[in-house]
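**Student:** So the sequence shown is numbered by my numbering: it starts at 298 and just counts up by one.
Backbone N, C-alpha and C define an ideal beta-carbon position, used for all residues, glycine too.
Predicted model only: the values in this text are computed from it and were never measured.
Structure in structure tokens, see below.
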Amino acid sequence: MQFLGNKQFASAAGLVLGLLCAVEAAKVNKHKPWIETTYHGIVTENDDKVLLDPPLIALDKDAPLRYAESFEVILTNEGEICGFRIHGQNVPFEAVVLDKSTGEGVIRAKDKLDCELQKEHTFTIQAYDCGEGPDGANMKKSHKATVHIQVNDINEYSPVFKEKTYKATVIEGKKYDSILKVEAVDADCSFQFSQICNYEIVTPDVPFSIDKDGFVKNTEKLSYGKEHMYKLTVTAYDCGKNRASEDVLVKISVKPTCKPSWQGFNKRIEYEPGTGSLALFPSMHLETCDEPITSIRASIELETNHIGKGCDRDTYSEKSLHKLCGASSGTVELLPAPSSSANWTVGLPTDNGHDSDQVFEFNGTQAIKVPDGTVSTTLKEPFTISVWMRHGPGVHEKETIVCNADKTEMNRHHYSLYVHNCRLIFLLRQDPSEAENYKPAEFHWKLDQVCDKEWHHYVLNVEFPTVSLFVDGTTFEPFLVTEDYPLHASKIETQLTIGACWQGANARMAQFFRGNLAGLIIRSGKLENKKVIDCLYTCKEGLDVQLPEEVASAVKVDFNPNQSSLTVEGDDIDAFDKVMQHISYLNSRQFPTPGIRHLRVSTTVKCFNEDACVTVPDAEGYVMVLQPEEPKISLSGIDHFARSAAEFESQEGVTLFPELRIVSTITREVEADAESDAAEGADDDPTVQETVVSEEIMHNLDMCEVSVVGDELDGEHESLEVETNQLQQRALEMSSSNLGLIITGVNTMANYEQVLHLIRYKNWHTEALFDRKFKLVCSELNGRYISNDFKVEVNVIHTASPVEHANNAMVQPNFINPVHHASVDLSGHNLVNAHQGSVVPSAATIVIVVCVSFLVFMIILGVFRIRAAHQSTMRDQENGKENEMDWDDSALTITVNPMETYEDQHSSEDEEEEEEEESEDGEEEDDITSADSDSSEDEEAGEPEDQQAASRQQQLEWDDSTLTY
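Below, the structure written as structure tokens:
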């Protein structure tokens, strides 16, 4: 029974186990979750919620079994979905189960999305059930569904223009459908927010409009005269009504109606003297409005007629100019600048407004007589007449330029140059001869230049029986030559006149000239050659051009003789423009005449039909020659000295200007150095400070005049002389009179210095002469720049019969007081060097002894006082200087000339040269003790100026021949 029971129990247990296995087999996870095959979603950028269509729901047929649980083996509700899995690289989304029982889930963004970076995202998704086992080994997954998600845009960006500035050019008088287009872009990704829906002109009251596409047009016809350029501010709006972050500037230039003309022409051109060539048209070009051009011809004219005699030339005397040009002998100037030696032009009106160019005006009532002997012309020898003349249409009477006629009794004209009915006529009557035959007597030239009111240079080369005429360097042949008998023999003297002809029978002038004359010259015995004539006429200013090599063959350039105009011809516009850009103005004068020179460019253009198809208006401007720095000519040297009477009476005489110096300086303004100002502790001043700086320059002189101050020279017993050969070596000339002497000729300041050093004054009657005063003045450019008046006083030392001196060392001093030397003044008297032996008259011996004793006493007393006062503080310095500061007066001798007077003159402008001479004469100054200088300063400070002047009436002269240094 027990066995049976056990067996039954075992059988029952096996049955139960079998049933359990059958049940377990029936519970296997057989179905996969199910989801849709495609999903479409929308998400807004900067948001994480995705709206899906259809919604994300997973279904499982195994529900309600536990196999629809999660991945872990837990008790769940029937048919639950455990999760979703997204497949793809860098997918910025995640799937989340909201309800496991229903299988509902959502997709959301992991981070904020940016539509501008990626508008759409596509990936796949699967659903998972829970499966059996703690490790979810029997988990089932659905098929992969495709998900398309679109990122919606928000209007976060504003429009931005593609360009910072828009420019356009329009022609005046025309209405445009579109002038230009502005364009803006928007960085938003959506069509709505990235599209520009509107443009707007912000600038009010402008004749322009803009449409929604950004096209700008004018609403009315534009005028260049009213406005050259319009500046508009434009903005843009996107379709979300966002305005552009920054407005844009639109510049619209109005171009005048295309007219052929020169462009880029500067009307005012400034020329700085001494800078060489200056380009006149550096950026000029010809605008032809696209016409088919075959040839271009331009004429450039520089108007200089108002400058001097037609242009800028050196304004030296005509005689000097002839020498500079090579005509070195035989020239006589008939219209010189008025001076002491040539004063016959004093009464004539002059035009001094043109750089001191000596121009004389004749108004039909004035004429001058040239002094007898000024011109010695023999008609049998060749001679030349040259003159500058400006003459306009006048009366129908003869107008005489120069005439040589009978002085008395008759009215015969021996030779004359005159104007009649705009003809230039030269009359030349031969002297009596054996053969009474007809000979050429009048030479006629019909010239436009005679009556055009412009300056012209005329040169007549007379070599009987032929006469050659040059006008502005060009030769002209006479159109008519008339003959006449020679003059009858006569002993009547002739009178040379200018501006009219002398009528000897009536003793009056006739045939007056109306116009301007200058530089009238007669040169005897020589004819002017072409080289000299061209040199006299050549201007120092004019036009110049340096042709570039690449265009030299394509363009032709021609100049007129004085280079005041040139013509340019060519057929290539580009080459033509390059040549025009290389045309320059040049003035070679060191001191040019300042002022305006008008400039005109006249152009002719031809087209294929050889007609002037394009009219180019003249381009006009002017060159402004700036004022040159004016030189200051300074004369300096010894202005007061004394010599013995014997020297004045000697063969050599007395040299007036032994140490003369001629210096010329110009003054410039320069900005002060900022660093030096700061170093000196200058205040912070925003204004620019300027410093005046003097700079020494070199230039020529053309005249120096030595004149007598006071009584005129008495030719019987006094004279001013200079060696003639020294003048000739330097191509200088001298003229003298009882008023002084004048040295003329263009030469360097150094050569003038050397000649002036040689001028001597002689006097053979010095008994009643105590002093003589002279004045020296030098000038440049015919008086344009004049030096200071340098005055020299020469005293005569009268001596008695020589007396033998004990030590043979006492000599008469050369009493010299240089302007630029700080002489030591002792009680109003100067210490000077010994020059020539003399003996003081016995009547003055007592005065000398008393003065010397008193002077020595005052010197010694002053030395002891100063030494005592400064002994404590200046001991070391005084010990080093005692040897050189002590006087050795054992052999001191002082002579006094009571006849002399002395005027102490010191000029502030000569301080620099004073310092130089002080350093050179240092040995003399070392002999003066500090006590002496201090005491003299105290005395000068205490005395009024009148007393000081009175104290200098007598002069002390030192005989230092026996002094030891």
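At which residue ranges does the stretch 470-544 contain complete alpha helix (DSSP H) runs of 4 or more residues, listed in the order of the chain?
**Tutor:** Runs of the alpha helix (DSSP H) inside the stretch 470-544: 488-491.
**Student:** Would you call the stretch 381-391 and the stretch 459-476 touching, i.e. three or more CB-CB distances under 8 Å?
**Tutor:** no
**Student:** Pick helix, strand or coil for R940, following the three-state DSSP scheme.
**Tutor:** strand
**Student:** Going by Cα to Cα distance, which pick from I354, V716, V672 is closest to H693?
**Tutor:** V716
**Student:** I'd like the span of the alpha helix (DSSP H) that includes V829, first residue to last.
**Tutor:** 827-834
**Student:** When you compare the CB positions of I446 and E401, do they come within less than 8 Å of one another, or not?
**Tutor:** no
**Student:** Can you look up Q423 in the DSSP assignment and give me helix, strand or coil?
**Tutor:** strand
**Student:** What does DSSP give as the partner residue(s) for G338 in the beta ladder?
**Tutor:** L349, I446
**Student:** Using a Cβ-Cβ cut-off of 6 Å (strictly less than) and excluding sequence neighbours within five positions of F420, which residues of its own chain qualify?
**Tutor:** The residues are I383, G385, V388, V444.
**Student:** Quick one: using the 10 Å Cβ neighbour count with 16 as the cut-off for buried, is I994 buried or exposed?
**Tutor:** exposed
**Student:** Are there any heavy atoms of the ligand COA lying less than 7 Å away from the beta-carbon of S542, as far as the coordinates show?
**Tutor:** Inclusion of the ligand COA in the displayed structure is not the case, the ligand content being empty and no account of it being possible.
**Student:** Taking buried to mean at least 16 other C-beta atoms within 10 Å of its own C-beta, is S787 buried or exposed?
**Tutor:** exposed
**Student:** Ends of the beta strand (DSSP E) at K903?
**Tutor:** 892-904
**Student:** Since I believe V551 is in contact with L519 (beta carbons under 8 Å), could you give me their beta-carbon distance rounded to a whole number of angstroms?
**Tutor:** Between V551 and L519 the Cβ distance is about 5 Å, and since that is below 8 Å, they are a contact.
**Student:** Hey, which unbroken runs of the beta strand (DSSP E) at 3 residues or more fall wholly within the stretch 550-637?
**Tutor:** 558-560, 565-568, 582-584, 590-600, 628-630
**Student:** How is the beta strand (DSSP E) around V1006 delimited, first residue to last?
**Tutor:** Run containing V1006: 997-1006, per the beta strand (DSSP E) assignment.
**Student:** Near P690, what residues of its chain come up, given a Cβ to Cβ distance below 6 Å and the 5 sequence neighbours on each side ignored?
**Tutor:** Excluding positions up to five away in sequence, the list reads C748.
**Student:** I'd like the span of the alpha helix (DSSP H) that includes Q878, first residue to last.
**Tutor:** Segment 870-878, the alpha helix (DSSP H) holding Q878.
**Student:** Would you call the stretch 914-934 in contact with the stretch 611-618, where contact means no fewer than 3 C-beta pairs closer than 8 Å?
**Tutor:** Short answer: they don't touch.
**Student:** Who does L766 pair with in a DSSP beta bridge?
**Tutor:** L757, F773
**Student:** Count the other C-beta atoms from every protein chain shown that fall within 10 angstroms of the C-beta of M686, then say buried if there are 16 or more, exposed otherwise.
**Tutor:** Burial of M686 is indicated by the presence of at least 16 other C-beta atoms within 10 angstroms of its C-beta.
**Student:** How should T763 be labelled, buried or exposed, when 16 other C-beta atoms within 10 angstroms of its C-beta is the threshold for buried?
**Tutor:** exposed
**Student:** State the Cα-Cα distance for the pair T779 and C798, rounded to the nearest angstrom.
**Tutor:** Spanning the two alpha carbons is a distance of roughly 21 Å.
**Student:** For Y463, which of helix, strand or coil comes out of DSSP?
**Tutor:** Residue state, collapsed to three classes: strand.
**Student:** For T912, which residues from the same chain have a beta carbon less than 7 Å from its beta carbon, with the 5 sequence-adjacent residues on both sides left out?
**Tutor:** Here the set comprises P557.
**Student:** Which residue comes first and which comes last in the alpha helix (DSSP H) that contains Y1049?
**Tutor:** 1046-1053
**Student:** Counting Cβ pairs, one atom from each stretch, are 3 or more of them under 8 Å apart for the stretch 469-478 and the stretch 557-573?
**Tutor:** In short, these stretches do not touch, since the Cβ pair count stays below three.
**Student:** Residue range of the beta strand (DSSP E) that T681 falls in?
**Tutor:** 680-687
**Student:** Using 10 angstroms around the beta-carbon of D915, count the other beta-carbons present and answer buried if the total reaches 16, otherwise exposed.
**Tutor:** Burial call: exposed.
**Student:** Quick check on the DSSP output: the beta strand (DSSP E) that includes T794 runs from which residue to which?
**Tutor:** 791-795
**Student:** Whole-angstrom Cβ separation of A853 and G867, contact assumed at under 8 Å?
**Tutor:** First, the residue type needs correcting, since residue 853 is Lys and not Ala in the sequence shown. The pair is a contact, with the Cβ atoms about 7 Å apart (cut-off 8 Å).
**Student:** Using the DSSP secondary-structure output, state which residues sit across from V922 in a beta bridge.
**Tutor:** Y568, G892
**Student:** For L1053 and L957, I'd like the C-alpha separation in whole angstroms.
**Tutor:** 8 Å
**Student:** Tell me whether V1266 sits in a helix, a strand or coil according to DSSP, three-state version.
**Tutor:** Lying outside 298 to 1262, the shown extent of the chain, residue 1266 is not represented and no answer is given.
**Student:** To test your reading of the DSSP string, which unbroken beta strand (DSSP E) runs of 3 or more residues are found completely within the stretch 382-426?
**Tutor:** Every unbroken stretch of the beta strand (DSSP E) spanning 3 or more residues and falling wholly within the stretch 382-426 is given here in chain order: 390-396, 401-406, 417-425.
**Student:** S592 and N875 - do their beta-carbons sit closer together than 8 Å?
**Tutor:** Note that residue 875 is Lys in the sequence shown, not Asn. Result no, Cβ atoms of K875 and S592 do not sit closer than 8 Å.
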